[in-house]
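Numbering (my numbering), first residue to last: 46 to 189. I have placed the structure first, in the form of structure tokens, so that the comments after it can refer back to it.
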């Protein structure tokens, strides 16, 4: 729709049978002057319920944190998540998470703080992004 109505040529006006059918569905235009509008003065009472979230004392488990450094599907069928130097792999066949103390074994020289990770199936490599650098790792039997 246009911000304001524009005049239409007569060739684009709906035929009278169509206008009659629409008016039978929605009623005819009854513009016979102004009519007063009455408004209810009673307001509904709303009750808002808020649930409080309690965080257990102590350190929150790394898999329960809200943000991860990187996460992607590995070509071997596992799901990799990274956070502050720890690699978590989800093993869907076993329906469990496997953790490695660091990801140095699988991805050597990778910094602890990542921005993103992705698997490039065309080149069969995993690409990690940091603030300044890009790290590429070829996928082979060693890192599966």
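Note that the Cβ used here is the ideal one computed from N, Cα and C, for glycine as well. This one's a predicted model, so the numbers in the text were calculated from it and none came from an experiment.
Compute the beta-carbon to beta-carbon distance between residue 162 and residue 124, rounded to the nearest angstrom, for a pair I have assumed lies under 8 Å. Along the chain shown, one-based indexing puts residue 162 at 117. Along the chain shown, one-based indexing puts residue 124 at 79. Their Cβ separation, rounded to whole angstroms, is 11 Å, which puts residue 162 and residue 124 out of contact at 8 Å.
Taking all protein chains shown into account, do 16 or more other C-beta atoms lie within 10 angstroms of the C-beta of residue 183, making it buried, or fewer, making it exposed? For this step, residue 183 is matched to residue 138 along the chain shown. Its Cβ having fewer than 16 others within 10 Å, residue 183 is exposed.
Consult DSSP for residue 151 and reduce its assignment to one of helix, strand or coil. Looking up residue 151 in the chain shown gives position 106. Residue 151 falls in the coil class under three-state DSSP.
What three-state label does DSSP hand residue 65 in the structure shown? Here residue 65 is taken as the residue at index 20 of the chain shown, counted from 1. Helix, per DSSP.
Neighbourhood of residue 169 by C-beta, 6 Å cutoff - its chain only, sequence neighbours within 5 removed: Position 124 of the chain shown, counted from the start, is the residue given in the question as residue 169. Closer than 6 Å at Cβ, skipping near neighbours: 184.
Quick one: using the 10 Å Cβ neighbour count with 16 as the cut-off for buried, is residue 129 buried or exposed? By 1-based counting over the chain shown, the position of residue 129 is 84. Exposed is the call here.
Smallest Cα separation from residue 114: which of 175, 180 and 159? Position 69 of the chain shown, counting from 1, holds the residue named residue 114. Per the Cα distances, 159.
Helix, strand or coil: how does DSSP classify residue 98 here? As a working mapping, residue 98 is identified with position 53 in the chain shown. Because residue 98 carries a pLDDT of 45, less than 50, the predicted location of this residue cannot be relied on, and the following value inherits that uncertainty. It is coil, neither helix nor strand.
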